[in-house]
Amino acid sequence: MIKIPNKLIPFGNYKYITIWPCLFYKEPLVPIVINHENIHGRQYIEFLSIGLILLLIKILIFGSGLINTWLILALALSAFYWVDLIDCAFNKTDRGALERECYENENNLNYLKTRKLFQMWRK
Ligand SMILES: [Zn+2]
């Protein structure tokens, strides 16, 4: 993860945000925060892998138009956010599955060593 200290991103009162492969932060990083954001990083990679599979299918069926290619990758990365928002809305909770996984496991600094694929949706 590329760590980028700055005073602007994330906006508002947020202190840290992962926009893979970068971690933007306004306050000092501590191991638990780094672990939390690394879990988000792993989630991003999983979403991106879904996007790449969809992209491959699209190229195999329809060919490789550049705009559609970038659109699919952008949708895969932005899906990271709207999937969590939809999860919050359906379950009437403050945190979606992605954020819940991070908060439940951020104290376990070895979590990523044993984490399974798409663990956020497993129980
Ligand atoms: Zn988080």
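Residues in the sequence shown are numbered from 35 upward in steps of one, following my numbering.
Just so you know, even glycine gets a beta-carbon here, dropped at the ideal spot from N, CA and C.
Note that the coordinates shown come from a computational prediction; the quantities given were computed from them, not determined experimentally.
State yes or no: is the C-beta of residue 56 nearer than 8 Å to some heavy atom of ligand 1? Here residue 56 refers to the residue found at position 22 of the sequence shown. Not so, every heavy atom of ligand 1 lies at least 8 Å from the Cβ.
Who are residue 58's beta bridge partners in DSSP? Walking along the sequence shown from the start, residue 58 turns up at place 24. Paired residues: 38 and 51.
Enclosing alpha helix (DSSP H) for residue 162 [first to last residue]: A question about residue 162 goes unanswered here, because the residues of the chain that appear run from 35 up to 157.
Among all residues, which have a Cβ less than 6 Å from at least one non-hydrogen atom of ligand 1, and in what chain order do they fall? 70, 74, 133 and 136
Within the same chain, show all residues whose beta-carbon is closer than 6 Å to that of residue 69, passing over the 5 residues directly before and after it, in chain order. Locating residue 69 in the sequence shown gives position 35, where the first residue counts as 1. Closer than 6 Å at the Cβ level, and outside the excluded window around residue 69, lie 140 and 143.
Expressed to the nearest angstrom, what Euclidean distance is found between the alpha-carbon atoms of residue 125 and residue 115? Reading the sequence shown from its first residue, position 91 is the one you call residue 125. Reading the sequence shown from its first residue, position 81 is the one you call residue 115. For residue 125 and residue 115, the distance between alpha carbons rounds to 16 Å.
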